[in-house]
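Chains as they are written, first to last, in this note's numbering: chain A, 86 to 359; chain B, 156 to 439. The block underneath contains the structure these notes are about, expressed in structure tokens.
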Ligand SMILES: Nc1ncnc2c1ncn2[C@@H]1O[C@H](COP(=O)(O)OP(=O)(O)OP(=O)(O)O)[C@@H](O)[C@H]1O
Ligand SMILES: Nc1ncnc2c1ncn2[C@@H]1O[C@H](COP(=O)(O)OP(=O)(O)OP(=O)(O)O)[C@@H](O)[C@H]1O
Ligand SMILES: [Mg+2]
Ligand SMILES: [Mg+2]
């Protein structure tokens, strides 16, 4: 990726094929009878931030988990910086690609302190300077030193999520797969984390895939987004189109309507799209 | 507030945890009533929202200590009620949707079985009737395939499906008071709206009371009747939900300013500058 692109921050008119750092082609994921992802396809340029929104259960997390190597049973093609991925991931992969999971409760080991959660990835990747890195990353996610020796059960939901984000950031990956990273955070911490992610992206040219149900967060963080329904990407659009309320699909228009806030009458009018 | 006596009345609730690094005062003197209405609790991460909800049901984890001047539910003193009495209240009369749905489900039992058993623990239902009721509730919360979800294990559900399974479990016993801790944070906005409509109807048609803990200010403003704003273990402001946009406490104003907005792009989001005076200062 070029410095000019990095400064610009917006990439819609780029020749994505030549710059793509993450490509997904005809991705299918099955769990027995359940065909969770049906031919998903996208291409993300280095330094780009790409959003995925869509109905609960539509396959968003499954797409990220397949990229991260947590769902071995997929077909199609996934390429990172042009190299096709097989079913297994080498250790080096996780130095470049990290994932923040949707569920901060399940993703932290219940008997490991915050300190241990953050030390382990450093040890695995042979990174030294642990002391400084842990202190810095805790500060960046807004947790003071008082939290360093706590266990997950001694933290609130949002505090756990910040530990999970810190764990992903501490190895300084190039690609971050973010699954609802701020949905358990209050808006003030959300603003701090989103600002941090935006700053890291512009400073280091990081690439993000961001799954969220919050359209305002997508609009703030991303250049383009995919809308998923029933395992398929039903629409891909730019954030400019989203802001202009110009989605092509009826499902996306309904999402936009629902994001305006609760309305009993609007709820009655919602339909399920097949 | 309604003219009738409130369902729940809490006065000067405190929750404290001794830890290696000193005493954590998670809730520091919280007072509020809940009638047959929708009361939102908002406030930053760690401000004591979940611990307030858990204390009402006496689900404070060890070694936490709960004290209050008063905590009553329809005339029952929740502070002194026996464990046996609490067992009858929990799930049946007051239900709580916990913030961590998958964590609170049994990982080795199918989701449907857990829901059906929860119903049977509180009502004399046959196995078949409980199963049918569970399937109906799963489709009420907009599961696309209720039968598959019924037979699934928790790890086989998406984040939002796990949340909806918990809501189905908690609503099936028709509680008088529902404490919902971030119940829709993993739902896309359309399904969220449909699930909230169910809660809304239970409040307006059946007279259920609802405590709705959420960090989504726009949602709380449009959905709830009243809002309590918590900061560092205290309620710093109480107001009508529809008036949230004109909140007076600088903390509440700071929260509102931190929201990203679809139609107002900014390069950097406003962050809250916390004033030490808020910790013990007066409520707005
Ligand atoms: N391990 C699994 N075994 C069986 N089915 C699974 C498994 N993991 C996911 N699924 C199914 O795959 C589908 C997609 O799930 P996924 O978690 O990707 O949805 P999602 O879009 O992330 O939803 P949410 O917004 O609710 O988190 C769902 O129907 C889910 O039940
Ligand atoms: N077992 C425990 N030991 C020590 N401190 C605890 C324990 N449980 C919770 N706390 C602390 O109590 C405070 C209040 O926690 P609570 O879970 O109520 O926050 P919350 O408002 O629900 O936050 P969130 O929005 O992040 O879920 C937090 O600072 C948390 O770290
Ligand atoms: Mg998901
Ligand atoms: Mg909480």
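Every residue, glycine too, gets a C-beta built ideally from N, C-alpha and C. All of these numbers come straight from a predicted model, not from anything done at the bench.
Around the beta carbon of residue 300 of chain A, a 10 Å sphere encloses 16 or more other beta carbons of the protein chains shown; the residue is thus reported as buried.
Per DSSP, residue 206 of chain A is one residue of the alpha helix (DSSP H) stretching across 199-209. Check the Cα spacing between residue 159 of chain A and each of A/166, A/345, A/268 and A/144: the tightest is with A/144. Any Cβ of chain A closer than 8 Å to the Cβ of residue 207 of chain B would place that residue at the interface, and such an atom is absent. For residue 262 of chain A, the enclosing beta strand (DSSP E) has its first and last residue at 260-264. A residue is called buried when at least 16 other Cβ atoms come within 10 angstroms of its Cβ; residue 194 of chain A does not meet this threshold and is exposed. Residue 310 of chain B has its Cβ nearer than 7 Å to a heavy atom of ligand 1. The beta carbon of residue 356 of chain A lies closer than 8 Å to those of 339 in the same chain, with the five residues before and after it left out. Around residue 260 of chain A, the same chain offers 106, 107, 165, 181, 182, 183, 291, 292, 293 and 294 as residues with beta carbons nearer than 8 Å, after the five sequence neighbours per side are excluded. In this structure, the CA atom of residue 227 of chain B is about 55 Å from the CA atom of residue 176 of chain A. Under DSSP, residue 295 of chain A forms a beta bridge with A/136 and A/263.
In terms of beta-carbon proximity, residue 331 of chain A stays away from the interface with chain B, with every pair separated by 8 Å or more.
Just measuring C-alpha positions, the residue of B/197, B/184, B/219 and B/186 sitting nearest residue 177 of chain B is B/219. When beta bridges are read from the DSSP output, residue 152 of chain A appears opposite no residue. Within the segment 165-198 of chain A, the residues whose Cβ lies closer than 7 Å to any Cβ of chain B are, in chain order, 187, 188, 190 and 191.
Here residue 110 of chain A is bridged, per DSSP, to A/162. Contact of residue 270 of chain B with chain A is not assigned, every C-beta pair being separated by 8 Å or more. Any Cβ of chain A closer than 8 Å to the Cβ of residue 243 of chain B would place that residue at the interface, and such an atom is absent. Put simply, the segment 312-331 of chain A touches the segment 108-125 of chain A. At least three CB pairs are less than 8 Å apart. Annotation: residue 198 of chain A to residue 229 of chain A spans about 14 Å, alpha carbon to alpha carbon. Counting along the chain, the unbroken beta strand (DSSP E) around residue 386 of chain B starts and ends at 381-386. Taking all protein chains in view, the Cβ of residue 336 of chain A is crowded by 16 or more other Cβ atoms within 10 Å, so the residue is classified as buried. Residue 261 of chain B carries a coil assignment under DSSP once its states are collapsed to helix, strand and coil.
Going by beta carbons, residue 305 of chain B and residue 326 of chain B fall outside the 8 Å limit. Annotated three-state conformation of residue 169 of chain A is strand, per DSSP. By alpha-carbon distance to residue 399 of chain B, the top candidate from B/372, B/232 and B/245 is B/372.
For residue 374 of chain B, the uninterrupted alpha helix (DSSP H) run begins and ends at 372-378, by DSSP. Annotation for residue 312 of chain A: 138, 139, 319, 320 and 337 place their beta carbon closer than 6 Å to its own, counting only its chain and skipping 5 residues before and after. The way I'd put it, the segment 200-219 of chain B does touch the segment 251-258 of chain B; three or more beta-carbon pairs between them come closer than 8 Å.
When C-alpha distances from residue 168 of chain B are compared across B/388, B/411 and B/348, the shortest belongs to B/388.
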